[in-house]
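Chains as they are written, first to last, in my numbering: chain A, 1 to 195; chain B, 1001 to 1179.
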């Protein structure tokens, strides 16, 4: 976030000087005074936006989700159909109980902790077959990541971005006070707000 | 110590030069603003006990006809700065005139402090306060009338001219704010 901040602050004295030349009349300020004011004003605007924009403003309210007692195939179908890499998992009362993502499938297909797709493929090619067969009997609840990382509806944009960054995750389900899923925020949603 | 002198080196850039258009409007404004005040002083009311023009008006002209965007040139600063400084100047003279060096310094310093505190900073105000102390007997004899003649009347005339002239100039806008 700070890098973002600095890259927008690279106004030079020259830029300001050129701008001042275009303003008719004598502007009673030096270019460097303007830069000082600009930097402080920019930081102020940034922190205002970061705390004024809430998770509920940037989230996608219509969430594709699955329930924990559905077969794994259901998650596979939905992730394929909507071209997404992860889904929140709900219990029968619509409370979020976990998240299922490509990572969970890969982990199941390999002995390694958090393997990549290529590592799984390597194992499939080197050994006689893949472990795919074993998925058929499993329920989503068996392979999902739980407990899920979620965020409250009134969390600020700064908290959302910080959580995504700190945990290196790509999506963050948004919940109300009683763990009911109300939306989801993907990394790309944050980029859209900033630009 | 090194830093102390380093601070004096500046390092910043001076603002750009104004266009010929600006220079001409500044000239016209200053001429039309000073003219009626000077005419009052030298022609209409010559021979009376009053003074209608003081040096600080020249300084105000620089701001209200030459740097119209400046916060220092706005009506609040022009009126407030001159009147408060005049008040400080006259009071200082009456209290401390046996010690002219002290009265002179005290009047200017206090005028600046008061203008800052009231958000009416107007550089010519410092001159207005100083003139009340170091001025002629004619000025001293005015007492607090100094706030009305020459300061109040002169500043009002110059303000009206600034409004007329700066509004006529297409690329100018005056004031930025009133109070």
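By construction, the Cβ of each residue, glycine as well, lies at the ideal position given by its N, Cα and C atoms.
All values derive from a computational prediction rather than experimental measurement.
Any beta carbon of chain A sitting closer than 8 angstroms to that of residue i?
{"i": "residue 1103 of chain B", "result": "no"}
{"i": "residue 1091 of chain B", "result": "no"}
{"i": "residue 1171 of chain B", "result": "yes"}
{"i": "residue 1007 of chain B", "result": "no"}
{"i": "residue 1161 of chain B", "result": "no"}
{"i": "residue 1072 of chain B", "result": "yes"}
Which value, in whole angstroms, describes the spacing of the CA atoms of residue i and residue j?
{"i": "residue 1042 of chain B", "j": "residue 1034 of chain B", "result": "12 angstroms"}
{"i": "residue 1138 of chain B", "j": "residue 1031 of chain B", "result": "26 angstroms"}
{"i": "residue 66 of chain A", "j": "residue 75 of chain A", "result": "6 angstroms"}
{"i": "residue 93 of chain A", "j": "residue 13 of chain A", "result": "60 angstroms"}
{"i": "residue 1028 of chain B", "j": "residue 1152 of chain B", "result": "22 angstroms"}
{"i": "residue 90 of chain A", "j": "residue 118 of chain A", "result": "30 angstroms"}
{"i": "residue 69 of chain A", "j": "residue 140 of chain A", "result": "6 angstroms"}
{"i": "residue 1161 of chain B", "j": "residue 1067 of chain B", "result": "15 angstroms"}
{"i": "residue 1172 of chain B", "j": "residue 25 of chain A", "result": "7 angstroms"}
{"i": "residue 1086 of chain B", "j": "residue 1008 of chain B", "result": "33 angstroms"}
{"i": "residue 180 of chain A", "j": "residue 122 of chain A", "result": "40 angstroms"}
{"i": "residue 1 of chain A", "j": "residue 135 of chain A", "result": "Summary for residue 1 of chain A: the model assigns pLDDT 42, below 50, so the residue's position carries little reliability, and this model does not support an answer."}
{"i": "residue 4 of chain A", "j": "residue 37 of chain A", "result": "Per-residue confidence for residue 4 of chain A stands at a pLDDT of 48, beneath the threshold of 50, marking its modelled position as unreliable; no derived number is given."}
{"i": "residue 1065 of chain B", "j": "residue 1078 of chain B", "result": "12 angstroms"}
{"i": "residue 178 of chain A", "j": "residue 167 of chain A", "result": "23 angstroms"}
{"i": "residue 1098 of chain B", "j": "residue 1109 of chain B", "result": "18 angstroms"}
{"i": "residue 1135 of chain B", "j": "residue 50 of chain A", "result": "58 angstroms"}
Where does residue i land, buried or exposed, given buried means 16+ other C-beta within 10 angstroms?
{"i": "residue 1175 of chain B", "result": "buried"}
{"i": "residue 1150 of chain B", "result": "buried"}
{"i": "residue 55 of chain A", "result": "buried"}
{"i": "residue 1177 of chain B", "result": "exposed"}
{"i": "residue 1001 of chain B", "result": "exposed"}
{"i": "residue 86 of chain A", "result": "buried"}
{"i": "residue 10 of chain A", "result": "exposed"}
{"i": "residue 173 of chain A", "result": "buried"}
Our contact map puts residue i next to residue j with C-beta atoms below 8 angstroms; I'd like the distance itself, whole angstroms only.
{"i": "residue 1072 of chain B", "j": "residue 28 of chain A", "result": "7 angstroms"}
{"i": "residue 1146 of chain B", "j": "residue 1088 of chain B", "result": "About 11 angstroms separates the two Cβ atoms, so there is no contact after all."}
{"i": "residue 1037 of chain B", "j": "residue 1143 of chain B", "result": "Contact doesn't hold; Cβ gap of about 21 angstroms is too wide."}
{"i": "residue 77 of chain A", "j": "residue 64 of chain A", "result": "At roughly 11 angstroms, the Cβ-Cβ gap does not stay under 8 angstroms, so residue 77 of chain A and residue 64 of chain A are not in contact."}
{"i": "residue 190 of chain A", "j": "residue 58 of chain A", "result": "7 angstroms"}
{"i": "residue 1122 of chain B", "j": "residue 1055 of chain B", "result": "So it is not a contact: roughly 14 angstroms between Cβ atoms."}
Output yes if chain B places a C-beta closer than 8 angstroms to the C-beta of residue i; else output no.
{"i": "residue 3 of chain A", "result": "Residue confidence for residue 3 of chain A is low, a pLDDT of 45 falling below 50, so the modelled location carries little weight and cannot support an answer."}
{"i": "residue 38 of chain A", "result": "no"}
{"i": "residue 147 of chain A", "result": "no"}
{"i": "residue 30 of chain A", "result": "yes"}
{"i": "residue 13 of chain A", "result": "yes"}
{"i": "residue 25 of chain A", "result": "yes"}
{"i": "residue 17 of chain A", "result": "yes"}
{"i": "residue 21 of chain A", "result": "yes"}
May I ask you to check if the CB of residue i is nearer than 7 angstroms to at least one heavy atom of the ligand NAD?
{"i": "residue 1089 of chain B", "result": "Ligands in the displayed structure: none, and consequently the ligand NAD is not present."}
**Request:** Check whether the region 1059-1071 of chain B touches the region 1093-1110 of chain B, counting contact only when three or more Cβ pairs, one atom from each stretch, lie closer than 8 angstroms.
**Result:** no
**Item:** Touching by the beta-carbon criterion (3+ pairs, under 8 angstroms), the region 1004-1018 of chain B and the region 9-26 of chain A
**Value:** yes
**Prompt:** How do the region 140-148 of chain A and the region 96-107 of chain A stand: do at least 3 beta-carbon pairs fall below 8 angstroms, yes or no?
**Reply:** yes
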